[in-house]
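One structure below.
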DNA sequence: GCCAACGTTGGC
DNA sequence: GCCAACGTTGGC
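In this note's numbering, the protein residues as written are 73 to 214.
And the structure:
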């Protein structure tokens with residue numbers, strides 16, 4: 073079981089839309105970055121992730137779960153690009169802002185801080201615990 | 001809207 | 001294979 077963080081601009085694809093997609097989930101399309109794609113290749117069914125709003129909000133707003141292994145991204149003909157499917161699991165009681173993350177010394181190595189532009193990021197179990205705690209989710213979903 | 005960071009492209 | 005130019009991302 074591994075943990076991840078998925079970034080989305082709410083204008084393009086918001087947490088509300090993700091929730092409306094329901095238990096079936098949706099393809100996480102549009103990733104055109106090798107590192108982000110490789111992260112998706114490493115995902116297993118049931119892996120959990122944070123859903124993060126970039127540009128507007130700048131906060132972790134929900135918990136998602138990987139519900140389909142990596143497959144070709146249907147929004148492009150380019151065979152290099154792949155995606156997983158994710159589904160919304162739940163809202164977080166208290167969104168965790170980028171500011172909160174940056175202010176927490178335990179999270180100074182988090183990819184959200186160190187690899188600002190990476191849209192699909194790995195999250196360590198320690199970071200997962202800490203962000204869940206800050207979000208009012210205790211115990212952290214596994 | 002600006003601009004820094006950084007990933008990608010393409011000429012050599 | 002290097003590296004400059006360019007485009008995109010995303011915080012502010």
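C-beta: ideal position from N, C-alpha, C; glycine also.
- Contact between residue 98 and residue 163 does not hold, since the beta-carbon distance rounds to 17 Å and is not under 8 Å.
- Checking the DSSP bridge columns, you'll see residue 120 partnered with 75 and 137.
- In the DSSP annotation of this structure, the continuous segment of the alpha helix (DSSP H) that includes residue 113 starts and ends at 106 to 113.
- Separation of residue 150 and residue 109 (C-alpha to C-alpha, rounded to the nearest whole angstrom) is 13 Å.
- Judged by beta-carbon spacing, residue 161 lies within the 8 Å limit of residue 213, meaning their Cβ atoms are closer than that value.
- Residue 100 and residue 182 have their C-alpha atoms roughly 22 Å apart.
- Bridge pairing for residue 155: 143 [DSSP].
- Taken through DSSP and simplified to helix, strand or coil, residue 177 comes out as helix.
- Annotation for residue 91: 160 place their beta carbon closer than 6 Å to its own, counting only its chain and skipping 5 residues before and after.
- Within the stretch 161 to 212, the beta strand (DSSP E) runs of at least 3 residues that lie entirely inside it are, in chain order, 192 to 195.
- Nearest in C-alpha terms to residue 87, of all of 106, 129 and 200, is 129.
- In the structure shown, residue 99 adopts extended strand secondary structure according to DSSP, grouped into three states.
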